[in-house]
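Residue numbers (our numbering), protein chains in the order written: chain A, 370 to 663; chain B, 5 to 289.
See below for the structure under consideration.
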């Protein structure tokens with residue numbers, strides 16, 4: 370990466386420290402939760418045996434992806450709505466434009482924060498959470514029994530948890546490219562209350578369609594753009610959906626089995642979304658470049 | 005003389021107002037040009053066009069480039085300070101310097117730091133904690149540390165007290181101008197920049213109404229205050245403008261020899277401000 374790109378990304382973190390503070394807060398909350406529950410682990414091991422508790426623990430470590438994904442999906446949209454709006458609100462846009470940085474580089478740097486930097490910061494915090502809670506958990510099991518899961522299995526579980534984490538952050542970020550592009554466009558365009566514009570336009574479209582055409586294509590389409598990745602990118606095996614405990618332990622499940630990258634890459638939804646995201650981003654670049662009232 | 009700015013028939017309309025109504029302008033390197041005009045005359049619009057921040061009709065070349073298409077490339081050789089280009093309040097001084105050093109190939113951070121060391125602006129301070137004068141010093145530190153060819157200043161000292169204003173122009177003249185760099189500036193406090201300008205351009209209602217070098221001005225224009233009973237004699241020399249100061253008539257002549265004017269009173273070179281008022285009022289009449 371060249372120096373300008375690095376500088377543009379650093380500048381975004383200076384202005385939006387929530388990009389790293391929010392994942393750190395989730396990290397702290399998760400660890401507080403883990404340490405708070407550690408007292409119960411001895412009882413579980415007595416009831417269910419160290420091996421099964423170890424297996425659940427290994428799967429549970431992968432489960433930390435959920436709170437971290439949630440924080441990513443709160444922080445990133447708020448960032449995108451603000452990033453090109455605030456430079457007009459605080460009238461610093463002409464200062465930024467007095468620098469030899471093109472509008473394309475500027476807007477792409479904001480998109481790169483959403484697609485790369487924010488997921489990366491979440492990844493680092495989530496990995497730290499995984500590793501620390503894995504060590505704490507297995508240490509606690511080892512204290513109460515000699516008979517935990519094999520080290521090999523546990524090491525594989527950490528790799529699994531990493532795969533789930535990386536895959537989820539990548540898949541979700543790419544799937545949301547059109548949403549991110551839309552938020553960038555609103556951020557450049559809105560004179561005030563960008564949040565309202567970003568949500569009002571789709572809501573008005575949904576209501577108009579329902580009233581006039583008595584159909585719900587827009588609502589379905591937006592729903593697909595928001596929830597589609599969790600159906601397309603993951604495959605929940607039947608024995609997990611059935612809640613059959615014996616089947617669970619018989620299969621000695623690995624979290625990585627839930628991922629369906631092939632299905633995601635083969636879906637038209639992913640690629641049409643990326644194209645739409647590119648179109649919105651291009652719109653944002655052109656608008657920032659040509660609008661006069663800055 | 006290398007051409008820095010070359011504008012031909014520059015036009016720009018905002019709704020019903022013609023902000024620029026056919027501006028022709030040539031500025032060579034090393035000139036310090038004051039763009040002077042009343043509010044709404046089109047000064048800021050002209051500067052925005054030159055900086056590639058607004059669309060316009062007509063042809064315009066700045067340092068050999070089209071500012072509409074090549075703003076970001078142009079910004080390697082142009083600096084600008086305007087009261088509308090605000091350094092964001094959330095940023096720290098240190099971060100401003102790091103940012104500019106990271107994106108600007110012609111920025112020398114050591115120079116900016118050396119300049120700031122002579123002020124009260126601390127590197128760790130956030131911009132929001134700085135006074136307006138200190139923010140201008142920060143801006144000036146950036147400008148001084150960029151090896152630019154053109155500096156555009158739009159009301160750079162607006163809202164500053166007299167000490168900061170004096171310092172600002174003293175620094176500019178003492179450390180910045182090297183005979184190669186060109187400065188284009190607008191200000192309402194004409195008397196403060198008068199002594200540093202090499203050229204003046206008067207602009208009114210989107211048109212250039214006067215364009216002279218400062219030497220030409222001194223040679224061409226002469227002003228005299230007379231007794232009321234000499235007014236008729238003065239008018240016989242066909243003054244370009246007439247006003248009254250403390251009940252005594254003051255006449256402005258263009259291209260009249262000083263010796264003839266001296267018969268009426270003490271001849272003096274008019275200030276740019278007086279000349280501007282005369283030119284604009286005459287154009288309106």
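Where is the CB? At the ideal position from N, CA and C, for every residue including glycine.
Values in this document were obtained by computation on a predicted structure and should not be read as measured data.
Item                                                                                                                                                                         : Value
When the Cα of residue 293 of chain B is compared with those of B:210, B:193 and B:187, which residue comes out closest?                                                     : No information on residue 293 of chain B is available, as it lies outside the stretch 5 to 289 that chain B covers here.
How do the stretch 593 to 605 of chain A and the stretch 631 to 650 of chain A stand: do at least 3 beta-carbon pairs fall below 8 Å, yes or no?                             : yes
Exposed or buried, residue 568 of chain A, counting other C-beta atoms within 10 Å across all chains shown (16 or more means buried)?                                        : exposed
What does residue 451 of chain A touch in chain B if you count any residue whose Cβ is under 9 Å from its own?                                                               : Within chain B, no residue comes near residue 451 of chain A; the closest Cβ sits about 11 Å away, beyond 9 Å.
Suppose you measure from the CA of residue 433 of chain A to the CA of residue 513 of chain A; what does that come to, to the nearest Å?                                     : 24 Å
Using the Cα positions of residue 464 of chain A and residue 540 of chain A, report the straight-line distance between them to the nearest angstrom.                         : 36 Å
Which residue marks the beginning of the beta strand (DSSP E) containing residue 593 of chain A, and which one marks its end?                                                : Element bounds for residue 593 of chain A: not the beta strand (DSSP E) but the alpha helix (DSSP H), 586 to 601.
Can you list, in chain order, the residues of the stretch 84 to 101 of chain B whose Cβ is nearer than 7 Å to any Cβ on chain A?                                             : 84, 86, 88, 89, 90, 91, 92, 93, 94, 95 and 99
Among all the DSSP beta bridges, which residues are the ones paired with residue 21 of chain B?                                                                              : B:18
May I have a chain-ordered list of the beta strand (DSSP E) segments no shorter than 3 residues that lie completely inside the stretch 468 to 506 of chain A?                : none
Quick check: is the beta carbon of residue 558 of chain A nearer than 8 Å to any beta carbon in chain B?                                                                     : no
Starting from the beta carbon of residue 368 of chain A, find every residue of chain B whose beta carbon is closer than 9 Å, and list them in chain order.                   : This structure cannot settle anything about residue 368 of chain A, because the visible part of chain A is limited to 370 through 663.
Name the residue from B:99, B:131, B:222 and B:144 whose alpha carbon lies nearest to the alpha carbon of residue 120 of chain B.                                            : B:144
Can you grab the Cα-Cα spacing for the pair residue 60 of chain B / residue 628 of chain A, in whole Å?                                                                      : 54 Å
Determine the DSSP secondary structure at residue 225 of chain B, reduced to helix, strand or coil.                                                                          : strand
So what does residue 207 of chain B bridge to, in DSSP terms?                                                                                                                : B:212
DSSP has residue 258 of chain B in a bridge; who is on the other side?                                                                                                       : B:225
Let's test the definition: count the other Cβ atoms within 10 Å of the Cβ of residue 582 of chain A and tell me whether it reaches 16, buried, or not, exposed.              : exposed
Below 8 Å on the Cβ atoms is my guess for residue 624 of chain A versus residue 428 of chain A; work out the distance and round it to an integer in Å.                       : 6 Å
Which residues mark the beginning and the end of the alpha helix (DSSP H) in which residue 100 of chain B is found?                                                          : 97 to 107
My output table needs one value for residue 38 of chain B: the three-state DSSP class, helix, strand or coil.                                                                : strand
Report the residues of the stretch 459 to 485 of chain A with a CB closer than 7 Å to any CB of chain B, ordered along the chain.                                            : 459, 460, 461, 463, 464, 466, 467, 468, 469, 470 and 471
Just how far apart, CA to CA, sit residue 548 of chain A and residue 558 of chain A?                                                                                         : 15 Å
Quick check: what's the CA-CA separation for residue 270 of chain B versus residue 195 of chain B?                                                                           : 21 Å
Quick check on residue 572 of chain A: buried or exposed, where buried means 16 or more other Cβ atoms within 10 Å of its Cβ?                                                : exposed
Relative to the C-alpha of residue 68 of chain B, which candidate in B:32, B:230 and B:247 has its C-alpha closest?                                                          : B:32
At a CB distance below 9 Å, what residues from the stretch 49 to 64 of chain B approach chain A? Give them in sequence order.                                                : 52, 55, 56, 57, 58 and 59
Pull up the distance between the alpha-carbon of residue 211 of chain B and that of residue 76 of chain B, whole angstroms please.                                           : 28 Å
Once DSSP output is grouped into helix, strand and coil, what is the label at residue 7 of chain B?                                                                          : strand
Check whether the Cβ of residue 372 of chain A lies closer than 8 Å to any Cβ atom in chain B.                                                                               : yes
Name the chain B residues whose beta carbon is nearer than 7 Å to that of residue 380 of chain A?                                                                            : 103
Which complete alpha helix (DSSP H) runs does the stretch 526 to 580 of chain A hold, if anything under 4 residues is left out?                                              : 546 to 558
What would DSSP say about residue 181 of chain B, mapped onto helix, strand or coil?                                                                                         : coil
Using DSSP bridges, identify the partner residues of residue 245 of chain B.                                                                                                 : B:256
Nearest to residue 55 of chain B by alpha carbon, out of B:80, B:135 and B:264?                                                                                              : B:80
Using a Cβ-Cβ cutoff of less than 8 Å, which residues in the same chain neighbour residue 227 of chain B once the five nearest sequence positions on both sides are dropped? : 254, 255, 256, 257, 271, 272, 273, 274 and 278
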